[in-house]
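Enquirer: Can you read through this structure? Questions will come right after.
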Amino acid sequence: MNNWIDIATLDDIPPRGARVVKTRLGCVAIFRTADDKVFALDDACPHKKGPLSEGITHGNAVTCPLHNWVIDLETGMAQGADTGRVKTYEIRIENDRILLDGTRLVDRSLHCADGAA
Amino acid sequence: MSQKLVVIGAGMASGRMLEELLALDEGAYDITLFGAEPRGNYNRIMLSPVLSGEKTYAEIVTHDADWYAANGVTCRFGEAVVRIDRKTKRVISAGGVTEYDKLVIATGSASFFVPVQGNNLPGVIGFRDLDDVEAMLEAADKPHSRAVIIGGGLLGLEAAAALNEQGMQVTVLHLMGHLMERQLDPAAGQLLQKELESRGIKVICRAHTNAILGHGRVEAVLLEDQSMHPADLVVMAAGIRPETRLGIDAGLHTERGIVVDDQMQTSDPDILALGECVEHDGTVYGLVAPLFDMAKVLARTLINQAAAFKAPEVSTKLKVTGVDLFSVGDFGDEHEEIVFRDPGLGVYKRITLKNDRIVGLVMYGDTSDSTWFFDKLKSAEDISDIRGSLIYGSAAVGADPLEAVAAMPDSTEVCGCNGVCKGTIVAAIGGGATDLAALKTMTKASASCGNCTGLVEQVLASTLGDDFVVPARAGICGCSDLTHEDIRQIIKSQKLKTIPAVMQEAGWKTPCGCHVCRPALNYYMIAEWPLEYADDLQSRLVNERNHANIQKDGTYSVVPRMWGGMTTPSELRAIADAAEKYNVPTIHVTGGQRIDLLGVQRDDLPAMWADLNTAGLVSGHAYSKGLRTVKTCVGSKHCRFGTQDSSGLGIKLEKILWGSWTPHKVKLAVSGCPRNCAEATCKDVGVICVDSGYEVSVAGAAGMEVKQTEALAKVTTEKEVIDLTVAFIQLYRENAAYLDRPYKWVAKVGMEWVRDRVLEDEAERLALCDRFEISQTVYRKDPWVEQAKPEYCLNKWAALADLTLEAAE
Ligand code: SRM
Ligand SMILES: Cc1cc2nc3c(=O)[nH]c(=O)nc-3n(C[C@H](O)[C@H](O)[C@H](O)COP(=O)(O)OP(=O)(O)OC[C@H]3O[C@@H](n4cnc5c(N)ncnc54)[C@H](O)[C@@H]3O)c2cc1C
Ligand code: SF4
Ligand code: FES
Chain A
23 MNNWIDIATL
33 DDIPPRGARV
43 VKTRLGCVAI
53 FRTADDKVFA
63 LDDACPHKKG
73 PLSEGITHGN
83 AVTCPLHNWV
93 IDLETGMAQG
103 ADTGRVKTYE
113 IRIENDRILL
123 DGTRLVDRSL
133 HCADGAA
Chain B
76 MSQKLVVIGA
86 GMASGRMLEE
96 LLALDEGAYD
106 ITLFGAEPRG
116 NYNRIMLSPV
126 LSGEKTYAEI
136 VTHDADWYAA
146 NGVTCRFGEA
156 VVRIDRKTKR
166 VISAGGVTEY
176 DKLVIATGSA
186 SFFVPVQGNN
196 LPGVIGFRDL
206 DDVEAMLEAA
216 DKPHSRAVII
226 GGGLLGLEAA
236 AALNEQGMQV
246 TVLHLMGHLM
256 ERQLDPAAGQ
266 LLQKELESRG
276 IKVICRAHTN
286 AILGHGRVEA
296 VLLEDQSMHP
306 ADLVVMAAGI
316 RPETRLGIDA
326 GLHTERGIVV
336 DDQMQTSDPD
346 ILALGECVEH
356 DGTVYGLVAP
366 LFDMAKVLAR
376 TLINQAAAFK
386 APEVSTKLKV
396 TGVDLFSVGD
406 FGDEHEEIVF
416 RDPGLGVYKR
426 ITLKNDRIVG
436 LVMYGDTSDS
446 TWFFDKLKSA
456 EDISDIRGSL
466 IYGSAAVGAD
476 PLEAVAAMPD
486 STEVCGCNGV
496 CKGTIVAAIG
506 GGATDLAALK
516 TMTKASASCG
526 NCTGLVEQVL
536 ASTLGDDFVV
546 PARAGICGCS
556 DLTHEDIRQI
566 IKSQKLKTIP
576 AVMQEAGWKT
586 PCGCHVCRPA
596 LNYYMIAEWP
606 LEYADDLQSR
616 LVNERNHANI
626 QKDGTYSVVP
636 RMWGGMTTPS
646 ELRAIADAAE
656 KYNVPTIHVT
666 GGQRIDLLGV
676 QRDDLPAMWA
686 DLNTAGLVSG
696 HAYSKGLRTV
706 KTCVGSKHCR
716 FGTQDSSGLG
726 IKLEKILWGS
736 WTPHKVKLAV
746 SGCPRNCAEA
756 TCKDVGVICV
766 DSGYEVSVAG
776 AAGMEVKQTE
786 ALAKVTTEKE
796 VIDLTVAFIQ
806 LYRENAAYLD
816 RPYKWVAKVG
826 MEWVRDRVLE
836 DEAERLALCD
846 RFEISQTVYR
856 KDPWVEQAKP
866 EYCLNKWAAL
876 ADLTLEAAE
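From first to last, the protein sequence lines stand for chains A and B.
So the first sequence is numbered by the numbering used here: it starts at 23 and just counts up by one.
So the second sequence is numbered by the numbering used here: it starts at 76 and just counts up by one.
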């Protein structure tokens, strides 16, 4: 079951850019591509937790601002020779509003809490 | 005693001939070399890139003073031979008489001036030597100046493209129905014309010149249809005429050129000739490849070795950046032909066939397979088996480029200019030449026009296998194979004013670039179109988008500007207050004479900026590819050795330069005396004050490399220092590749080139300063002001939503 949370309109995010949503366990980065696709990923690079929302978005990928790992926005997978994966969240666009799936955020809280333990 | 050899003309043919001769037998002759130009041998075909600014003269010199000295060649440059006295075997020149045992005439050719009224007016010049290039550049320097090129052949079009690049308004007047009619068919000629027109060059075909008009200097060209074409410069590129006067006067058998036999001997057995001034078997040549063959033969004849010159098949390429064009052989209509067009891509290919053999080839827009085709033409290979896919090139016929190179017979010519075959290159590789530079020295392959560099590298790769990696010289990044320099050129010449336009025109392979090319393109746009282009924050790396340096933990550092390294109690108090208010964990005094507040939370940045702004502090751009710091010492205000007000000058410079974006960061320093406490001699621009004025030097480095600055000029006023500095930085902004520091860029273009523009040429210096100031009307501002505004914080900076409560259920 999804729990869709209305977070913003599409125009709140610049094309080829990102902004964040704050959660109790750190930020989720919401990306908008040049062709208006929207993706949500943890705002922490699998390498050394660089803030992906501050990277350069190109195609369906983002380059981390700290050491230039390239992360695929659809899968959260690091590209090329690098390995690692960022958690992704489901997004729905309705009438230009961006909806984020809250269920997964809860899962994540639990999951991250486990991971941190 | 060795015999006396006198050579007339220090051009491309004689230079090569002397090399061949010295390699065969260095002691055979006492050599005297006469040259009418006041300089030695250079690579004349590279005058076009010199004219466009892509190369400097120093880069195209083929033989320098050391070489002549080392080889015992007596040089008489700047001294034309006026007469040959065959009876007494002497040549006569301004310096007197010189005796010879053997004489070589290599006088080349001269530009043909169409015989119309006014063709001798000042401002009407040919395109033949460095003096012509310099005269053209001088004309191009005047703002809004106009050039008319008479002749739309190879030479005329290279001049047109280069002068257009130099900012002139260019018109090409061509007599025939389409451009380069000797090498191109009408379809390819049209494509070429379209391309040139899209760069802003005006092309008029079937243009019959009637007269050249002007009072004391050229002002316009009048055509037979009575149309007038205003001109500050007229370039005669309507053809060349072999320079045969000496031969005719001496009674040598001369037709269109001085007639030579297969051994390069004239009708006088003691006089030989080669180059564009000769006629062999009814043909006069105008490209270097056959001349180099002549050089080989003539050198052997001189030492009585048997050799014979055979007329080669010659191909043509146009050296205009961004135009790919190749043509060879016969493309008359009487043969069968295969044509391929892709108007979308602007590609056109045409193969002419006779008895299942390729006899002619025209390629426009995509010349990648030209060697593959040319080879089949020269070897007269029967292509009936592959005819169906022939036009699609080597790939379609199932050959991968490296395999194709590996499969090439040793007799395949790789370097057209120097007639170097694959076998020669492979042998040299076997002999220890395992990189391009070594191959150039040993074989001359790729040493002239450089068009075959890629192919030579492929031969290296296919011969050495894994031991050689073809250098990734080309691409800016994976999104495009074009170099930074190519891209800047395309932006300028095609007037591209948005990043998507560049990607479209330059054929980007990705939809919207990547983190490597986008910041570069964004910079090129800002530098080229300061008033029109809107900075694209999404193409900025994080530091330049957030105007602070990101740290490893995602916090930021903030560095306010301290002009010239000077500060005041109230500034220090404001910095201390901000540090306390925003819980700054670390404060560091930087190597750039200012204070760094490290470990600031992203959310606190706008408020902190607002506070610092209120106290009169602005961003120090410690994060930017832009002006960083101007370090100073206290100078004459306090120091007992100070000669000038070094800190005052530093502050002035910083106030002029701050906020400007540059290809990489730029740092300055001003020291009050030669003790140089501000370390000015390792900066991008350094000023050392002395009693009599200021010593300005540039292109130093003290980061990953350490390099002392090179002197630019010694001047007497602050104003001159400022103008020189601004002009240098603007030249750098307009020309360097993104992420090249000034010292790297100067190493590429040469200090001489920089000095010519910034120092020697006052008009250019002032124009550079003007262009810098235009850009600064937009960029000399504090970026923090904008980002500290409440609406910016709310709509662009803050989190989209705060779900800290929701997600906790
Ligand atoms: C803060 C400072 C060190 C300090 O605490 O003293 C510093 C800090 C950094 N330097 Fe530096 N450099 C600092 C003076 C220098 C100097 C000395 C100078 O400017 O007089 C040099 C050598 C001179 C030169 O630039 O050639 C210097 C040569 C470099 C280089 C090598 C540049 C090169 O072309 O070789 C880099 C790397 C780069 O830019 O690509 C670099 C990069 C960096 C970066 C930006 C690395 C990064 O990307 O995070 C550091 C940012 C730290 C931060 O978050 O604030 N820094 N850096 C100095 C700031 C000066 C200022 O007030 O703006
Ligand atoms: C701008 C330009 C671009 C070109 N591009 C290409 C190209 O891409 N590919 C190609 O194959 N070819 C190209 N060419 C043609 C090529 O440069 C010539 O074919 C070649 O330089 C001819 O060599 P040469 O030695 O016969 O004559 P030159 O190189 O012209 O040398 C002759 C020299 O003799 C001197 N001289 C003349 N008379 C006297 C005298 N009485 N006493 C003393 N010295 C004298 C002249 O001043 C000159 O320096 C280009 C030419 C130009 C001008
Ligand atoms: S450089 Fe000269 S003026 Fe400056 S502090 Fe040193 S001694 Fe004094
Ligand atoms: S933290 Fe993202 S690449 Fe290093």
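Glycine included, each C-beta is placed from N, C-alpha and C at the ideal position.
First and last residue of the alpha helix (DSSP H) that includes Tyr132 (chain B)?
Expert: Tyr132 to Ile135
Enquirer: Where are the beta strand (DSSP E) runs, 3 residues long or more, that stay fully inside the stretch 556-641 of chain B, in chain order?
Expert: 631-633
Enquirer: Between the C-alpha atoms of Pro858 (chain B) and Met87 (chain B), what's the straight-line distance to the nearest angstrom?
Expert: Straight through space, the alpha carbons of Met87 (chain B) and Pro858 (chain B) are spaced by roughly 55 Å.
Enquirer: For ligand 4, is there a heavy atom less than 7 Å away from the beta-carbon of Gly72 (chain A)?
Expert: yes
Enquirer: So is Glu76 (chain A) in contact with chain B if we call contact Cβ pairs under 8 Å?
Expert: yes
Enquirer: Excluding the five sequence neighbours on either side, which residues of its own chain have a C-beta within less than 6 Å of the C-beta of Leu814 (chain B), listed in chain order?
Expert: Excluding the 5 residues flanking it on each side, Leu814 (chain B) has same chain C-beta neighbours closer than 6 Å at His739, in chain order.
Enquirer: For Trp91 (chain A), verify whether its CB is less than 7 Å away from any heavy atom of ligand 4.
Expert: yes
Enquirer: Given this structure, state the Cα-to-Cα distance separating Asp671 (chain B) from Arg46 (chain A), to the nearest angstrom.
Expert: 31 Å
Enquirer: May I ask you to verify whether the stretch 770-786 of chain B touches the stretch 804-821 of chain B, counting CB pairs closer than 8 Å and requiring at least 3?
Expert: Contact holds: three or more Cβ-Cβ distances are below 8 Å.
Enquirer: Taking 6 Å as the limit between beta carbons, can you name the residues of its chain near Ile323 (chain B), skipping five residues before and five after?
Expert: Its chain contains Thr329 as the residues whose beta carbon lies nearer than 6 Å to that of Ile323 (chain B), once the 5 sequence neighbours on both sides are disregarded; these appear in chain order.
Enquirer: Is there a Cβ from chain A that is less than 8 Å from the Cβ of Asp877 (chain B)?
Expert: yes
Enquirer: If you count every other CB in all the chains shown that lies within 10 Å of the CB of Arg669 (chain B), and 16 or more means buried, which is it?
Expert: Classification for Arg669 (chain B): buried.
Enquirer: Exposed or buried, which one is Phe847 (chain B) when buried takes at least 16 other CB atoms within 10 Å?
Expert: Phe847 (chain B) comes out buried.
Enquirer: Name the chain B residues that come within less than 9 Å of Pro36 (chain A), Cβ to Cβ?
Expert: Result: Leu612, Gln613 and Lys871.
Enquirer: Is it right to say Ser75 (chain A) is buried, meaning 16 or more other beta carbons lie within 10 angstroms of its own, or is it exposed?
Expert: buried
Enquirer: Taking Cβ positions only, does Val42 (chain A) come closer than 8 Å to chain B?
Expert: Yes, because at least one Cβ of chain B sits closer than 8 Å to the Cβ of Val42 (chain A).
Enquirer: Can you tell me which of A:Val50, A:Cys49, A:Ile78 and A:Arg41 puts its alpha carbon nearest to the alpha carbon of Asn896 (chain B)?
Expert: The displayed coordinates of chain B run from 76 to 884. Any statement about residue 896 (chain B) would go beyond what the structure contains.
Enquirer: Run the proximity test for Glu780 (chain B): is its beta-carbon closer than 7 Å to any non-hydrogen atom belonging to ligand 1?
Expert: yes
Enquirer: Could you tell me whether the Cβ atoms of Ala744 (chain B) and Val796 (chain B) are closer together than 8 Å?
Expert: no
Enquirer: Whose CA, out of A:Lys44, A:Ile27, A:Phe53 and A:Trp26, lies closest to the CA of Asp34 (chain A)?
Expert: A:Phe53
Enquirer: Between Asp79 (chain A) and chain B, is any beta-carbon pair separated by less than 8 Å?
Expert: Reading the sequence as shown, one finds Thr at residue 79 (chain A) and not Asp. Yes, contact with chain B.
Enquirer: What residue ranges within the stretch 54-103 of chain A form continuous beta strand (DSSP E) runs of no fewer than 3 residues, ordered along the chain?
Expert: 60-64, 78-80, 83-85 and 92-94
Enquirer: At the level of alpha carbons, what is the spacing between Ala474 (chain B) and Thr446 (chain B)?
Expert: Its pLDDT being 46, under 50, Ala474 (chain B) is placed unreliably in this model, and the coordinates cannot settle the point.
Enquirer: Within 10 Å of its beta-carbon, does His355 (chain B) have 16 or more other beta-carbons around it, so buried, or fewer, so exposed?
Expert: buried
Enquirer: Against Ala56 (chain A), what residues of chain B qualify as contacts under a CB-to-CB distance less than 8 Å, listed in chain order?
Expert: Within chain B, the residues near Ala56 (chain A) are Pro586 and Cys587.
Enquirer: Could you check how far apart the C-beta atoms of Ala185 (chain B) and Arg203 (chain B) are, in whole angstroms? I think they sit under 8 Å.
Expert: 6 Å
Enquirer: Hey, would you say the C-beta of His590 (chain B) is under 7 Å away from at least one heavy atom of ligand 5?
Expert: In the structure on display, ligand 5 does not appear, and the ligands it does have are ligand 1, ligand 2, ligand 3 and ligand 4.
Enquirer: For ligand 1, any of its heavy atoms closer than 7 Å to the Cβ of Gln626 (chain B)?
Expert: yes
Enquirer: Helix, strand or coil for Leu647 (chain B)? Go by DSSP, reduced to three states.
Expert: helix
Enquirer: For Cys752 (chain B), is the beta carbon positioned less than 7 Å from some heavy atom of ligand 4?
Expert: no
Enquirer: So who's on the other strand from Ala286 (chain B), going by DSSP bridges?
Expert: B:Gln192 and B:Leu297
Enquirer: Report yes if the C-beta of Leu557 (chain B) is less than 7 Å from at least one heavy atom of ligand 4; otherwise report no.
Expert: no
Enquirer: From what residue to what residue does the beta strand (DSSP E) around Leu248 (chain B) run?
Expert: Gln244 to Leu248
Enquirer: May I have the straight-line CA-CA distance separating Ala873 (chain B) from Pro865 (chain B), to the nearest angstrom?
Expert: Between the alpha carbons of Ala873 (chain B) and Pro865 (chain B) lies a distance of about 10 Å.
Enquirer: Taking C-beta to C-beta, are Arg158 (chain B) and Ile167 (chain B) nearer than 8 Å?
Expert: yes
Enquirer: Does Met303 (chain B) come out as helix, strand or coil in the three-state DSSP assignment?
Expert: strand
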